[in-house]
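Student:
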Amino acid sequence: MKNFQSAKTQKDSQPIPEILQGHCSSKGFITQMHSSDTNLRARCGLLTVHDAKLETPALFPVINLLTGPPSLERNGATHKFLKRQLIFNDRRVGFMTEVLHFTDYAFSKRMFQEWFPHAGNKSGEVKDLDYWVKESFESLKKPAEVYRPMFFLDSGGFRLLFNREADITDYGYKPDQKSIFQLQIDYGADIVASLDYPIPPFLNKQQAEDRIKCSVENAVLLMKLIYSSGEPLRKRPFPILAVHGQTPVQIRSCVLQLLHSLAKEGFTDKEPFGIGIGSLVPLRMSSNADKIVMIVKSAIDTLYDSSLHDFKPERVLVHAFGITGNLIPILTHLGVDTFDSSSYVKSASSLNYYDSKTWSVQDFLKLTQITCTCKACNGITDEELMQMQADLRGNKINGHAERLQHKAGDFIVDIKSDIYGIIAYHNLLIQYDEIREVRDAISRGQTAQHLVHFCKTHTKSIELAELVAEIDPTVKALLNYQPKLFPRTREDYEQHREISLANDPMLFDIAAIENYQVPSDKDRLFLLACSQEKPYSHSKIHQGIFRTLKHYLGDALNTCHKVTISGLYGPVPFEYENEQVVLSYEYLLSVAAKKQADLITKRLVTYLEENIPEYKLVVAYVAAKAYRAIVENAFKQVKLNYAQQYGNDAPFPVPLIVLPSKTKGTGTKELLIHANLEELVHQIFPEREIYMNVPGQLKNQELF
Numbered sequence: 002m003k004n005f006q007s008a009k010t011q012k013d014s015q016p017i018p019e020i021l022q023g024h025c026s027s028k029g030f031i032t033q034m035h036s037s038d039t040n041l042r043a044r045c046g047l048l049t050v051h052d053a054k055l056e057t058p059a060l061f062p063v064i065n066l067l068t069g070p071p072s073l074e075r076n077g078a079t080h081k082f083l084k085r086q087l088i089f090n091d092r093r094v095g096f097m098t099e100v101l102h103f104t105d106y107a108f109s110k111r112m113f114q115e116w117f118p119h120a121g122n123k124s125g126e127v128k129d130l131d132y133w134v135k136e137s138f139e140s141l142k143k144p145a146e147v148y149r150p151m152f153f154l155d156s157g158g159f160r161l162l163f164n165r166e167a168d169i170t171d172y173g174y175k176p177d178q179k180s181i182f183q184l185q186i187d188y189g190a191d192i193v194a195s196l197d198y199p200i201p202p203f204l205n206k207q208q209a210e211d212r213i214k215c216s217v218e219n220a221v222l223l224m225k226l227i228y229s230s231g232e233p234l235r236k237r238p239f240p241i242l243a244v245h246g247q248t249p250v251q252i253r254s255c256v257l258q259l260l261h262s263l264a265k266e267g268f269t270d271k272e273p274f275g276i277g278i279g280s281l282v283p284l285r286m287s288s289n290a291d292k293i294v295m296i297v298k299s300a301i302d303t304l305y306d307s308s309l310h311d312f313k314p315e316r317v318l319v320h321a322f323g324i325t326g327n328l329i330p331i332l333t334h335l336g337v338d339t340f341d342s343s344s345y346v347k348s349a350s351s352l353n354y355y356d357s358k359t360w361s362v363q364d365f366l367k368l369t370q371i372t373c374t375c376k377a378c379n380g381i382t383d384e385e386l387m388q389m390q391a392d393l394r395g396n397k398i399n400g401h402a403e404r405l406q407h408k409a410g411d412f413i414v415d416i417k418s419d420i421y422g423i424i425a426y427h428n429l430l431i432q433y434d435e436i437r438e439v440r441d442a443i444s445r446g447q448t449a450q451h452l453v454h455f456c457k458t459h460t461k462s463i464e465l466a467e468l469v470a471e472i473d474p475t476v477k478a479l480l481n482y483q484p485k486l487f488p489r490t491r492e493d494y495e496q497h498r499e500i501s502l503a504n505d506p507m508l509f510d511i512a513a514i515e516n517y518q519v520p521s522d523k524d525r526l527f528l529l530a531c532s533q534e535k536p537y538s539h540s541k542i543h544q545g546i547f548r549t550l551k552h553y554l555g556d557a558l559n560t561c562h563k564v565t566i567s568g569l570y571g572p573v574p575f576e577y578e579n580e581q582v583v584l585s586y587e588y589l590l591s592v593a594a595k596k597q598a599d600l601i602t603k604r605l606v607t608y609l610e611e612n613i614p615e616y617k618l619v620v621a622y623v624a625a626k627a628y629r630a631i632v633e634n635a636f637k638q639v640k641l642n643y644a645q646q647y648g649n650d651a652p653f654p655v656p657l658i659v660l661p662s663k664t665k666g667t668g669t670k671e672l673l674i675h676a677n678l679e680e681l682v683h684q685i686f687p688e689r690e691i692y693m694n695v696p697g698q699l700k701n702q703e704l705f
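By the count of this note's numbering, the sequence shown reaches residue 705 at its end, each step adding exactly one.
(1) L528 and I472 look like a contact to me (Cβ under 8 Å); what is the Cβ gap, rounded to whole Å?
(2) Report the rounded CA-to-CA distance for D524 versus I658, giving the unit in angstroms.
(3) If you count every other CB in all the chains shown that lies within 10 Å of the CB of T68, and 16 or more means buried, which is it?
(4) Would you list the residues sitting across from P572 in a DSSP beta bridge?
(5) Tell me whether the beta-carbon of A624 lies closer than 7 Å to the beta-carbon of E671.
(6) Just to check my reading of the structure: L609 and Y586 have Cβ atoms closer than 8 Å, yes? What is that Cβ distance to the nearest angstrom?
(7) From the DSSP secondary-structure annotation, give me the bridge partner or partners of K408.
(8) Terminal residues of the continuous beta strand (DSSP E) containing C456?
(9) What are the start and end residues of each continuous beta strand (DSSP E) run of 3 or more residues lying completely inside the segment 238-311, in chain order?
(10) By DSSP's criteria, Q363 is part of a beta bridge. Which residues make up the other side?
(11) Check whether the Cβ atoms of S308 and I252 sit closer than 7 Å, and answer yes or no.
(12) Provide the residue span of the beta strand (DSSP E) that contains T49, from first to last.
(13) Measuring only the C-alpha atoms, how far is C456 from S344?
(14) Assuming H119 is part of the beta strand (DSSP E), what are its boundary residues?
(15) Helix or strand or just coil, what does DSSP make of E633?
(16) Could you tell me whether the segment 632-650 touches the segment 357-370, where touching means 3 or more Cβ pairs closer than 8 Å?
(17) Just verifying my parser: in three-state terms, what is the DSSP assignment at I64?
(18) Rounded to the nearest angstrom, how far is the Cβ of T708 from that of H320, given a contact under 8 Å?
(19) Mind reading off the beta-carbon distance from R440 to P58? Whole number of angstroms is fine, and I expect it under 8 Å.
(20) What residues in its chain sit with their C-beta under 8 Å from that of L641, if we drop five residues either side in the sequence?
(21) If you check the beta carbons only, do G410 and I431 fall under 7 Å apart?
(22) Determine the DSSP secondary structure at E210, reduced to helix, strand or coil.
(23) Pull up the distance between the alpha-carbon of F686 and that of Q597, whole angstroms please.
(24) Identify the continuous alpha helix (DSSP H) that holds T372 and give its terminal residues.
(25) For the pair the segment 95-109 and the segment 147-155, tell me if three or more CB-CB distances fall below 8 Å.
(26) Report the partner residues of I511 according to the DSSP bridge assignment.
(27) Using DSSP bridges, identify the partner residues of S444.
(28) Would you say F527 lies against chain C (beta-carbon separation less than 7 Å)?
(29) In terms of residues, what are the limits of the alpha helix (DSSP H) holding K595?
(30) Would the beta-carbon of L223 fall within 7 Å of that of P238?
(31) Look at the alpha carbon of T325 and the alpha carbon of S357, and state the distance between them as a whole number of angstroms.
(32) Between which two residues does the beta strand (DSSP E) holding K54 run?
(33) Taking buried to mean at least 16 other C-beta atoms within 10 Å of its own C-beta, is R689 buried or exposed?
(34) Helix, strand or coil for T664 per DSSP?
(35) For I192, which residues does DSSP report across the bridge?
(36) From the DSSP secondary-structure annotation, give me the bridge partner or partners of E99.
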């Protein structure tokens, strides 16, 4: 394992090399200052694109811009609050938006053309994001002055990873590099990411290498489209070229492939670009911070390879896709310049409020006071906090017809989403504060000291400092840490299942299995959405649900027939969960994958119609929007088909129940809320009188 070189003894930050001085005002990225204690990796820089300038390290909050009809200050619930606050009040410099995010909304082709009438029509009036920012300032009657935000348009590669058939042809685009770049240009992007092919953990080696090759090819093509195309660009964006790898060796190979390919095409660092390290989010979600550290370090070390004569690392920006939180001080110490975060919104959707000092997660509904003085929390009294909590517990507000008009510190809460917005804003502001602290640490040449102090004072962070101590003697000395082997070895990783992204829906279809029969001891159909972890029954959500059911129902649970709705295959009965094609696939259905959703709906309808006589009750316990829509549409179609065959007055033979009855559609965490589990227990066994107290930690019982 390669260590950093010994830290320099001087305490001042290091200036940029003379050869690069005097270029700070040029377009692109330039390093202005290195920290003295990280082998010249941690650095402050300046990114200049068009008329906007962004100091690095920097954080791009991910925000949904196109949430309904124009303009920017309208629509979007929580995102509406955040757009108004971050863009039109705070006037932050940098924002990221995923180029296909509008497909999550009821977004017609006509609405898209209202936003961008110039898209696909060179003679149309140009209304890009710059236009809509000015338009919204006028609508809000606020002076725009010289404010010029920088918009970073991600390519949607992560969305397309799991939704190969996400249909954007209605809007005039295709899921390829050239077309996605055109869409980014139609937005008026300042920064664009190449269309990449992310690599989920444990993807088989050949598929991983194939996806890396495709990502590199798209990155080179993007550079050609920006710098070598014969067609003049209205705005020339700054490209972030995505790189991926499952291991340090693989990410190094990817970076070298990319840079050698660029050099072969005649590109140098005179054509500004950055690299974006991808495929990190699944590692963070599965608590593989050690792999994140080593992969990021390897990618950055590769930029400093002496064989790369055409590219000075001081001019190549390094972005980490989807990683923020307590990894900010770690990754900036290693040399990451920019980050993007959507977690601040996702956390708020679950009412997770982060303590401003320790970043520990707190349930907003259980707070008794707010001591934070950030712009989101300042002035919120105990009485106002109680009112916010009461508003969240109350009935849904029709924002078009009524307003709450409740004071919350410096804000007026009109609808519930304003409260979610305040929580999200708070969660973001504490990350902005950390970015500022990191910049200060770099200027003092003390990023190692800052890293250690941060990790000692923040929840679940000390292990991160220990990871860096394995490779950095400065951190090791400050932490007084005795290095040990990384908590996960190569052998540990190889024990996990190998997955594939090449699976086809035709590889498993329960309707194609001859003589399939519902197990004779099952009389209730229990539908759940699939999980990333396989077999499904080993996932935390499935286990949590069944622990609760087992606790309250006992042996009666054995009469329930669990059938999981796979986004790739449709209904998968419990007895088929261990089939190899079911264990190895990796696919997450989204609302944008309409063709795939239609296929899964048809398969669920077929399963219900063929097997409904075997059940006395059907209960679907699904929260995620894409999967819940499939269940609701399938139930509706089954009832319609039955009425057409037996008459409109004929009662359907069994109840078809969709739970939770109240859902925000935010996904799996809702399924473990006590009130929802209580409703499930009572609905799946309505004949039993069961009193459910608020459960403690239920014993980890066998599920079946």
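Quick reminder that beta carbons are idealized off the backbone N, C-alpha and C, glycines included.
Tutor: To lay it out plainly:
(1) No, L528 and I472 are not in contact; Cβ-Cβ is about 47 Å, not under 8 Å.
(2) 15 Å
(3) T68 sits buried, since 16 or more C-beta atoms from the chains shown fall within 10 Å of its C-beta.
(4) Answer by DSSP bridge pairing, in chain order: I566.
(5) yes
(6) Contact flag wrong, Cβ pair sits at about 23 Å.
(7) Looking at the DSSP assignment, K408 forms a beta bridge with I413.
(8) No beta strand (DSSP E) holds C456; the alpha helix (DSSP H) holding it covers 448-458.
(9) 239-244, 274-278
(10) Y354
(11) Not closer than 7 Å, so no.
(12) 44-50
(13) 20 Å
(14) Counting along the chain, H119 falls outside any beta strand (DSSP E), and DSSP gives it neither H nor E.
(15) helix
(16) no
(17) DSSP places I64 in coil when its eight states are reduced to three.
(18) The first residue shown for the chain is 2 and the last is 705, placing residue 708 beyond what the model contains.
(19) 6 Å
(20) Only residues of its own chain outside the window of five on either side were considered, and among them none has a CB closer than 8 Å to the CB of L641.
(21) no
(22) helix
(23) 33 Å
(24) Premise fails: T372 is in no alpha helix (DSSP H) and is neither H nor E.
(25) Taking 8 Å as the limit for Cβ pairs, the verdict is that the segment 147-155 does touch the segment 95-109.
(26) According to DSSP, which records beta bridges pairwise, I511 is partnered with nothing at all.
(27) According to DSSP, which records beta bridges pairwise, S444 is partnered with nothing at all.
(28) The structure shown contains no chain C; it is built from a single protein chain.
(29) 595-612
(30) no
(31) 15 Å
(32) Where K54 is concerned, the enclosing beta strand (DSSP E) stretches over 53-57.
(33) exposed
(34) coil
(35) F153, F239
(36) D155
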